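Engineer: A single structure is presented below for examination.
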Amino acid sequence: MLRRHSPDEIFDVIADNDGLFLLNFSLPSISICATLRSDLERLSDTFESQIEIGEVQLAPQTDLIMEFGLTSIPTLLLFQGPNEIERVEQFWTFDALEE
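Under the numbering used here, the very last position in the sequence shown is 160; numbers go up by exactly one each time.
What follows is the structure, encoded as structure tokens:
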């Protein structure tokens, strides 16, 4: 299940993570974010026991954009424990994410 997290709680979620955690940063006003969300929900159902998948919906002026150094939306960050191990700043389809 794709879990939505608030901007206020996301640092605690990352700090408490002890496995693989894929975090999607999105904006409700960007249509491609809705498509990616659907693909991430499918991915979450497929790999439920192997990876946690979460999402933060940003407001255009949120501090998280600066704090995470986001340069485009959507952006996916992959964490192993609390450490970022990969960043994807482009749209990926379900098939590409599954690989």
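We put the beta carbon where it would ideally sit given N, CA and C, even for glycine.
Everything numeric in this text was worked out from a predicted model, so none of it was measured.
(1) Report yes if the C-beta distance between L81 and I114 is below 7 Å; otherwise report no.
(2) Alpha carbon to alpha carbon, how far is F108 from R64? Give it in angstroms, no decimals.
(3) Whole-angstrom Cβ separation of N78 and G142, contact assumed at under 8 Å?
(4) Pick helix, strand or coil for S60, following the three-state DSSP scheme.
(5) Could you pull the DSSP bridge partners for V149 from this structure?
(6) I think P135 touches S90, with their Cβ atoms under 8 Å apart; what is that distance to the nearest whole Å?
(7) From T96 to R103, what does the alpha carbon distance come to, in whole angstroms?
(8) Report the three-state DSSP secondary structure of I126 (helix, strand or coil).
(9) Given this structure, state the Cα-to-Cα distance separating D106 from M62, to the nearest angstrom.
Structural biologist: Well, looking at it:
(1) Counting from 1 along the sequence shown, the entry for residue 81 is found at position 20. Counting from 1 along the sequence shown, the entry for residue 114 is found at position 53. Contact: no.
(2) As a first step, residue 64 is located in the sequence shown; it is residue number 3 there, counting from the start. As a first step, residue 108 is located in the sequence shown; it is residue number 47 there, counting from the start. If I take the Cα positions, the gap works out to 14 Å.
(3) As a first step, residue 78 must be located in the sequence shown, where it is residue number 17. As a first step, residue 142 must be located in the sequence shown, where it is residue number 81. Confirmed, about 6 Å.
(4) Since the first and last residues shown for the chain are 62 and 160, residue 60 lies out of range.
(5) Residue 149 sits at position 88 when you count from the first residue of the sequence shown. Per DSSP, L137.
(6) As a first step, residue 135 is located in the sequence shown; it is residue number 74 there, counting from the start. As a first step, residue 90 is located in the sequence shown; it is residue number 29 there, counting from the start. The Cβ separation is near 12 Å, so there is no contact.
(7) Mapped onto the sequence shown, residue 96 falls at position 35. Mapped onto the sequence shown, residue 103 falls at position 42. Approximately 11 Å, taken between the alpha carbons.
(8) On the sequence shown, position 65 is the one that residue 126 refers to. It is helical.
(9) The residue you call residue 106 lines up with position 45 of the sequence shown. The residue you call residue 62 lines up with position 1 of the sequence shown. Cα to Cα, D106 sits roughly 6 Å from M62.
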